[in-house]
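Undergrad: Structure below; questions to follow.
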Amino acid sequence: MKKLVAIAVLVCLFPLAMQAIDQGFYISFATRILIYAMAAASLNLVLGYGGMVSFGHAAFFGAGAYIVGILAVEGITSVWLVWPAAIAVAALAALVIGAISLRTRGVYFIMITLAFAQMMYYIFVSMKAYGGDDGLSLPSRSTGLGVSLSNDFTWYYLVLVLLGIILFLLHRLLGSRFGRVIEAIRENETRATAIGYPVYRYKLLCFVISGAIAGLAGALIANQTSYVGPALLHWVQSGTLMVMVILGGVGRFWGGPVGAAVLLLLEELFSGSPLLGPFALHWQLPVGAILLAVVLFAPRGIAGAFAKKPQ
Amino acid sequence: MLSLRNLSKRFGGVVAVDRVNLDVAPGEVHAMIGPNGAGKTTLVSQISGSVSSDEGQISFQGRDITKAKPYERVRLGLARSHQITSIFRRFSVLDNLALAVQARRGSSFSFWRPVAAERALFDEARGLAARVGLAEKVEALASTLAHGEQRALEVGLALATQPRLVLLDEPMAGMGPEESQRMIALIGRLRGGVTVLLVEHDMDAVFRLADRITVLVNGRVIASGRPAEIRADKDVRRAYLGDELAA
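Residue numbers (the working numbering), protein chains in the order written: chain A, 1197 to 1507; chain B, 73 to 319.
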């Protein structure tokens, strides 16, 4: 608990410190981490707690982002409209994809979620009216909260509050009856069925909730970069989210946020030239080595390695 | 209570269960015996709904459940335990049982209230733990239990659903003599309250517990009746019991 408070204080004071030393860039970078923390936490819900290895999570993340982009092009920028729309569309996509994919198991589930995500990717690539291959730039960040979201400082705190709300909701969810059932299904689906749970419904609802949260994270990333492109839905994006969860800790409450922070920090560290010089072009190599080390030596992830009791 | 009519199941060319007729009366302990590969577990899975039937009809308390989903059958009061222990290994004994109680009591589409605060679930789970002899082990992780204790938990999970009929698939599989005695006593205590369909290899247990016995060989019922009748049946002796009873 003490650790948590310390981290919360640090996260809250970070932009003030950066502003004081005139390093505004890092505020924006930290906001990116917060957004990916939300996306990774949503993936951890299905992957870590529900045991559903979805390799298509970028579909929901990207759909949320594109809704914000498309609505912005159409002149709708109020957060009260675009965020709920992003969440709803991502949830709907998760409902359709989940309803079909969850009839399969294991490696088939991985492949079918991947296939659906790639289908979504090509749908957005083919939408010439909304940028096609090139993606589209948003004229401005969303509006409607009475403050300018174009200010990185304000934006950081807004994203932080949203992440806090989402994590709190996830925490309640995982401790509730529903959360127990989800974990039980992961542990032993046959048994969960045999004691009277309609497991398909629980898995589907879990998948939809996860997709909805990913949609919100997507909406935020669209605002963050003022740009949406098909790369947001590419399978590499799904892979990145998965790597974050694995790095942070599969089925660990803080696994998603920790993984997102660590991966983005490593990427930043190794892709900038001060550390590696000309080799910075190949930043994936050291990041890959670290990932390998985590998987080999801390199979419960970074959050798992620091947790006191095994979960 | 439970009746099977001409129930069949084929896996490819193999007929696992061949036009089985079976009636289980309310309150009885009905044992099903037969050599390995006779189709006993397939039959149990057909009754519980985890394996679909190719032909025939299953009715439970007068209701046709041939096409019912497994969880629907559980809600009607039909539970099972598994031959190969199937429990939530990373949950504590108490959480295992509370989860099974939760399936029956109220909706589990509840997302806000901490389940840990639901005293009623855990009180009932504690009662169940005591009933299957695990009162001392409620806080232990299921994976750390001894084999016999895991088997007891397996049966406890089935009982937590408050079944009217419980299908016990080799509850004594792999147990030592002492553990078996405890399980026999547990099943004995069910008599009257819960109807039991017991699949078991342990003949001692079967003849001590069963009110009636059905013998399955190569997917077919070759005999069905009271223990004394089964003991005397020529076909049964030849097909299955021979050695043990001749001795």
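Note that the Cβ used here is the ideal one computed from N, Cα and C, for glycine as well.
Being a predicted model, the structure only gives us computed values, none of them experimental.
1. Can we say the stretch 1443-1458 of chain A touches the stretch 1294-1301 of chain A, given the rule of at least three CB pairs closer than 8 Å?
2. From this set, B/L262, B/L239 and B/A189, which residue's C-alpha is nearest A/R1373's C-alpha?
3. What is the DSSP secondary structure of A/I1391, counted as helix, strand or coil?
4. Where do the ends of the beta strand (DSSP E) carrying B/G297 lie?
5. Bridge partners of B/A103, per DSSP?
6. Taking the alpha helix (DSSP H) that A/F1493 falls in, what are its first and last residues?
7. Going along the chain, which unbroken runs of the alpha helix (DSSP H) with 4 or more residues stay wholly within the stretch 1274-1334 of chain A?
8. Should A/V1432 and A/G1265 be called a contact, given that it needs their Cβ atoms to be closer than 7 Å?
9. Quick check on this structure: which residue in A/G1455, A/L1428 and A/I1361 has the alpha carbon closest to the alpha carbon of A/V1441?
10. Return the residues of the stretch 1357-1375 of chain A that lie within a Cβ-Cβ distance of less than 9 Å from chain B, sorted by chain order.
11. Considering only the alpha carbon of each residue, which of A/A1259, A/S1224, A/L1239 and A/G1246 lies closest to A/M1427?
12. Between B/G264 and the rest of its own chain, which residues show a CB-CB distance below 8 Å, the 5 nearest in sequence each way excluded?
13. Round the Cβ separation of B/S182 and B/E127 to the nearest angstrom and send it over; I've been treating them as touching at under 8 Å.
14. For the alpha helix (DSSP H) that contains B/N108, what are its first and last residues?
15. Which word fits A/L1212, buried or exposed, when buried means at least 16 other C-beta atoms lie within 10 angstroms of its C-beta?
16. In chain B, which residues lie less than 7 Å from A/R1448 when you measure between Cβ atoms?
17. Give the secondary structure of B/T114 by DSSP, where H, G and I count as helix, E and B as strand, and everything else as coil.
18. Quick one: does A/T1300 have its CB under 7 Å from some CB of chain B?
19. Hey, B/T233 and A/G1392: beta-carbon distance below 7 Å or not?
20. Return the first residue and the last residue of the beta strand (DSSP E) that B/A88 is part of.
21. Once the 5 residues before and after B/L74 are set aside, which same chain residues still bring their CB inside 6 Å of it?
22. List the whole-angstrom C-beta distance separating B/F68 from A/R1397, where the pair is believed to meet the contact cut-off of C-beta under 8 Å.
23. Look at the alpha carbon of A/P1280 and the alpha carbon of A/L1354, and state the distance between them as a whole number of angstroms.
24. Using a Cβ-Cβ cut-off of 7 Å, state whether B/F194 counts as contacting chain A.
25. Which chain B residues are close to A/N1240, counting only those with a beta carbon under 7 Å from its beta carbon?
26. Would you list, in chain order, the members of the stretch 289-308 of chain B that have their beta-carbon closer than 9 Å to a beta-carbon of chain A?
27. Alpha carbon to alpha carbon, what distance is there between B/S124 and B/V293?
28. Applying the criterion that 16 or more other CB atoms from any shown protein chain within 10 Å of the CB defines a buried residue, is B/D241 buried or exposed?
29. Quick check: is the beta carbon of B/S158 nearer than 7 Å to any beta carbon in chain A?
30. What do you get for A/Q1219, buried or exposed, if any count of 16 or more other CB atoms within 10 angstroms of its CB means buried?
31. Assuming B/L288 and B/K112 are in contact, meaning their beta carbons sit under 8 Å apart, how far apart are those beta carbons, in whole angstroms?
32. Rounded to whole angstroms, what's the CA-CA distance from A/N1240 to B/A110? Just pull it up for me.
33. Please report the straight-line C-alpha distance between B/R152 and A/A1390, rounded to a whole angstrom.
34. Counting Cβ pairs, one atom from each stretch, are 3 or more of them under 8 Å apart for the stretch 203-222 of chain B and the stretch 155-173 of chain B?
35. Where does B/R82 land, buried or exposed, given buried means 16+ other C-beta within 10 angstroms?
36. Find out if the Cβ-Cβ distance for the pair A/D1348, A/S1224 is shorter than 7 Å.
TA: Well, looking at it:
1. Contact fails: fewer than three Cβ-Cβ distances are below 8 Å.
2. The residue you call residue 1373 of chain A lines up with position 177 of the first sequence. Considering only B/L262, B/L239 and B/A189, the residue with the shortest C-alpha distance to A/R1373 is B/A189.
3. Position 195 of the first sequence holds residue 1391 of chain A. If DSSP states are grouped into helix, strand and coil, A/I1391 belongs with coil.
4. Along the second sequence, read from residue 1 onward, the residue named residue 297 of chain B stands at position 225. B/G297: member of the beta strand (DSSP E) spanning R292 to G297, first to last residue.
5. Residue numbering aside, residue 103 of chain B sits at position 31 when the second sequence is read from its first letter. Paired residue(s): B/L270 and B/I285.
6. Taking the first sequence and counting its residues from 1, one reaches residue 1493 of chain A at position 297. Looking at the DSSP string, the run of the alpha helix (DSSP H) that includes A/F1493 is Q1480 to F1493.
7. Counting only runs of 4 or more residues that sit fully inside the stretch 1274-1334 of chain A, the alpha helix (DSSP H) segments are 1275-1297 and 1302-1321, in chain order.
8. The residue you call residue 1432 of chain A lines up with position 236 of the first sequence. The residue you call residue 1265 of chain A lines up with position 69 of the first sequence. Not closer than 7 Å, so no.
9. Locating residue 1441 of chain A in the first sequence gives position 245, counting from the first residue. Proximity to A/V1441 across A/G1455, A/L1428 and A/I1361 peaks at A/G1455, based on C-alpha coordinates.
10. With the criterion set as a beta carbon lying under 9 Å from some beta carbon of chain B, the members of the stretch 1357-1375 of chain A are L1365, R1368, L1369, G1371, S1372, R1373, F1374 and G1375, in sequence order.
11. Translated into the one-based positions of the first sequence, residue 1427 of chain A becomes position 231. Checking the sequence shown, residue 1427 of chain A turns out to be Ala, not Met. Of A/A1259, A/S1224, A/L1239 and A/G1246, the residue nearest in Cα terms is A/A1259.
12. The residue given as residue 264 of chain B occupies position 192 in the second sequence. The beta carbon of B/G264 sits closer than 8 Å to the beta carbons of G99 from its chain, once the five residues preceding and following it are set aside; these are given in chain order.
13. What you label residue 182 of chain B is simply residue 110 of the second sequence in a count that begins at 1. What you label residue 127 of chain B is simply residue 55 of the second sequence in a count that begins at 1. Not really, about 41 Å apart at Cβ, beyond 8 Å.
14. What you label residue 108 of chain B is simply residue 36 of the second sequence in a count that begins at 1. Unbroken run through B/N108: none, as it is neither H nor E.
15. Working through the first sequence from its first residue, we reach residue 1212 of chain A at position 16. Per the 10 Å Cβ criterion, exposed.
16. Translated into positions along the first sequence, residue 1448 of chain A becomes position 252. For A/R1448, no chain B residue has a Cβ inside 7 Å of its Cβ, as the nearest lies near 13 Å away.
17. One-based indexing of the second sequence puts residue 114 of chain B at position 42. Helix at B/T114.
18. Residue numbering aside, residue 1300 of chain A sits at position 104 when the first sequence is read from its first letter. Cβ-Cβ to chain B under 7 Å: no for A/T1300.
19. Position 161 of the second sequence holds residue 233 of chain B. Position 196 of the first sequence holds residue 1392 of chain A. Yes. Within cutoff.
20. The residue given as residue 88 of chain B occupies position 16 in the second sequence. That run of the beta strand (DSSP E) goes V86 to V96.
21. Indexing the second sequence from 1 puts residue 74 of chain B at position 2. For B/L74, where only same-chain residues beyond five positions count, the Cβ hits under 6 Å are V96, F132 and L237.
22. A query on residue 68 of chain B cannot be resolved here, the shown segment of chain B reaching from 73 to 319 and no further.
23. Your numbering for residue 1280 of chain A matches position 84 in the first sequence. Your numbering for residue 1354 of chain A matches position 158 in the first sequence. C-alpha separation (whole angstroms): 16 Å.
24. What you label residue 194 of chain B is simply residue 122 of the second sequence in a count that begins at 1. No, B/F194 does not count as interfacial toward chain A.
25. Numbered from 1 along the first sequence, position 44 holds the residue referred to as residue 1240 of chain A. Neighbours of A/N1240 across chain B, judged by C-beta separation under 7 Å, do not exist; the nearest C-beta is about 17 Å away.
26. Against chain A - using a Cβ distance shorter than 9 Å - the stretch 289-308 of chain B contributes no residues.
27. In the second sequence, counting from the first residue as 1, residue 293 of chain B sits at position 221. In the second sequence, counting from the first residue as 1, residue 124 of chain B sits at position 52. Spanning the two alpha carbons is a distance of roughly 19 Å.
28. On the second sequence, position 169 is the one that residue 241 of chain B refers to. By the neighbour-count criterion, in which a residue is buried when 16 or more other Cβ atoms sit within 10 angstroms of its Cβ, B/D241 is buried.
29. The residue labelled residue 158 of chain B in the question sits at position 86 within the second sequence. Taking Cβ atoms only, chain A reaches closer than 7 Å to B/S158, which makes this a yes.
30. The residue you call residue 1219 of chain A lines up with position 23 of the first sequence. With fewer than 16 other Cβ atoms inside 10 Å of its own Cβ, A/Q1219 counts as exposed.
31. Counting from one through the second sequence, the residue named residue 288 of chain B turns up at place 216. Counting from one through the second sequence, the residue named residue 112 of chain B turns up at place 40. Distance from B/L288 to B/K112 at the Cβ level is roughly 6 Å; contact confirmed, criterion being Cβ atoms closer than 8 Å.
32. By 1-based counting over the first sequence, the position of residue 1240 of chain A is 44. By 1-based counting over the second sequence, the position of residue 110 of chain B is 38. Rounded to whole angstroms, A/N1240 to B/A110 spans 44 Å at the Cα level.
33. For this step, residue 152 of chain B is matched to residue 80 along the second sequence. For this step, residue 1390 of chain A is matched to residue 194 along the first sequence. Rounded to the nearest whole angstrom, the CA to CA distance from B/R152 to A/A1390 is 7 Å.
34. The stretch 203-222 of chain B is in contact with the stretch 155-173 of chain B.
35. Working through the second sequence from its first residue, we reach residue 82 of chain B at position 10. Under this definition B/R82 is an exposed residue.
36. To locate residue 1348 of chain A, count along the first sequence from 1; it is residue 152. To locate residue 1224 of chain A, count along the first sequence from 1; it is residue 28. In contact: A/D1348 and A/S1224 (Cβ atoms closer than 7 Å).
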